[in-house]
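Q: Protein sequences, first through last, are from chains V and C. All residue numbers for the first sequence refer to my numbering, where the first residue is 1 and numbers rise by one. All residue numbers for the second sequence refer to my numbering, where the first residue is 1001 and numbers rise by one. Idealized CB from N, CA, C, for every residue including glycine. Shown below is the structure under consideration.
Protein chains: 2
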Amino acid sequence: MTEEPAGAPAPPRTRDAGRTRTAIADAARALFAEHGYEATPVRTVAAAAGITPGLVTRYFGSKDGLFLAVSDVGLRVSAVLDGPHEGIGARMAASMVSRWRQEGAGDPVLILVRAAGSRPEAAHVLRDFLERETTGPLVTRLRAEGVPEAEARDRASAVDAFVMGAVMSRRVVDPVGPDGDEALAAWIGSSVQALLDHARS
Amino acid sequence: MTEEPAGAPAPPRTRDAGRTRTAIADAARALFAEHGYEATPVRTVAAAAGITPGLVTRYFGSKDGLFLAVSDVGLRVSAVLDGPHEGIGARMAASMVSRWRQEGAGDPVLILVRAAGSRPEAAHVLRDFLERETTGPLVTRLRAEGVPEAEARDRASAVDAFVMGAVMSRRVVDPVGPDGDEALAAWIGSSVQALLDHARS
DNA sequence: GCCCCAAGTAGACGCACGTATACATGAGTC
DNA sequence: GACTCATGTATACGTGCGTCTACTTGGGGC
């Protein structure tokens, strides 16, 4: 949890507004994703960021403002859908796993999924994200391959549901799915591909 | 929300401990599932049950005790796995959809999924439930059909993830998946079947 | 070297929460 | 018909929450 292991060119200056703001946001992301919004007091976020609760209010206005700032997923993942059809699942999986790796527990999608029940605007942001980045593009692709509209939407929605379930499973319930990044990616990838390709019963 | 529309043989007696206890539990199930444990005050549960907060303490000891009473899923669904392999997905789907219908928003699985992040014992109960009712039986079945152990576990875990994602999607994020009970059941059923049957890439 | 404002702290306020306690009340018993 | 205890209410208490206000501190510009 040490921030600067030394060796960095920048001096260990304190009183840096930008760094403080980032520290608060990072702490909030991790804690909101891991414990949920309601179960995360502002004081805990402040402690994790190494500052005082008052600063959270100063920089983000309120806990609500902090949530909005942190849950605004600038996340763009639809690019991974480009390329050959057979590899869509694998590319989505690789994207998810690498995101989990770099962001720790602070996956914005997880924050939104967990908060969606008690915060309607979180559900709205999540719906928009899914439509823009997964459902929409997937439906377009499937239609281009001759899949009827209704079935294309169902398959894309199934992928959404699986992705949400997988992120909840892995990071909240925990030991669901295989261990290890490669095995995990293979698990997600082949499952997504199966949901995309299966024939309607 | 009226409880006795009249016509029932029992007189409209008040001061019925059993009925009160049930009313509290039902209200708690619905609210915990819809808004999550942390975001549901005891006072709200009491109001929904038509009684006073003190009675919640009297009947369940504490909010914690209420949660434990309500999240203890006596739910048994593994029986639907019996029967021909091709219909497993459809039978699981029918079971889920009918459960949602009769329990409203109070699906115990949803309660557990939502609480798992902030309440470790909820995660534990959920893991036990999944292992006992879905993962375990599914692995046994798949193995009996010649699927290797590791792949059987992965497929069963994928079903778990999808089911959790589907319940979150439908009841929290909302408009994911098709409308109507039959279409919904077909969506879940064919997705589950696809996850069970797909060849590993 | 002093000034001054941004950066940060300390502490308190009001409120809602979970819970405990004291009181009211009605249905069954004799 | 009075008794009585389970059932239910009213209300108060302590705590932890989000937020606000007043104060302190440090670093860059002249």
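Kindly indicate the opening and closing residues of the alpha helix (DSSP H) around C:Ser1169.
A: Where C:Ser1169 is concerned, there is no enclosing alpha helix (DSSP H), given that its DSSP letter is neither H nor E.
Q: Between V:Arg19 and V:Gly106, how many whole angstroms is the CB-CB distance? I'm expecting something under 8 angstroms.
A: 17 angstroms between Cβ atoms; not a contact.
Q: Along chain C, in chain order, which residues have C-beta atoms closer than 9 angstroms to that of V:Asp64?
A: Per Cβ cutoff of 9 angstroms: no residues; V:Asp64 is ~14 angstroms from chain C at best.
Q: Does V:Arg19 come out as helix, strand or coil in the three-state DSSP assignment?
A: V:Arg19: helix per DSSP, three-state reduction.
Q: Threshold first: 3 residues or longer. Then list the beta strand (DSSP E) segments lying entirely within the stretch 1047 to 1102 of chain C, N to C.
A: none
Q: Are the stretch 1158 to 1165 of chain C and the stretch 166 to 182 of chain V touching by the rule of at least three beta carbon pairs closer than 8 angstroms?
A: yes
Q: Could you compute how far the alpha carbon of V:Ala79 sits from the alpha carbon of C:Val1080?
A: 40 angstroms
Q: Return the first residue and the last residue of the alpha helix (DSSP H) that V:Ser191 is part of.
A: Asp181 to Asp197
Q: Between the beta-carbon of C:Val1073 and the beta-carbon of C:Ile1188, is there less than 9 angstroms?
A: no
Q: Excluding the 5 residues preceding and the 5 following C:Ala1090 in the sequence, name in chain order all residues of the same chain whose CB lies nearer than 6 angstroms to its CB.
A: Gly1189
Q: Quick one: what does DSSP say C:Asp1026 is sitting in, helix, strand or coil?
A: helix
Q: Measure the alpha-carbon distance for V:Ala93 versus V:Ala186 and round it to whole angstroms.
A: Taking the CA atoms as reference points, V:Ala93 sits about 7 angstroms from V:Ala186.
Q: Using a Cβ-Cβ distance under 9 angstroms, would V:Trp100 count as near chain C?
A: Not one chain C Cβ lies under 9 angstroms of V:Trp100.
Q: Within a Cβ cutoff of 7 angstroms, which residues of the same chain sit near C:Thr1040, ignoring the five residues on either side of it in sequence?
A: Leu1031 and Phe1032
Q: So is V:Pro9 buried or exposed if we call it buried at 16+ other beta carbons inside 10 Å?
A: Here the model assigns V:Pro9 a pLDDT of 42, short of 50, so the residue's position is not dependable, and the following value carries that caveat. Exposed is the call here.
Q: What distance in whole Å lies between the Cβ atoms of C:Asp1160 and V:Ser157, which are believed to be in contact at a cut-off of 8 angstroms?
A: In fact, because the Cβ distance is near 18 angstroms, the residues do not count as touching under 8 angstroms.
Q: If you draw a straight line from the C-alpha of C:Leu1075 to the C-alpha of C:Ala1122, how long is it?
A: So the two alpha carbons sit approximately 15 angstroms from each other.
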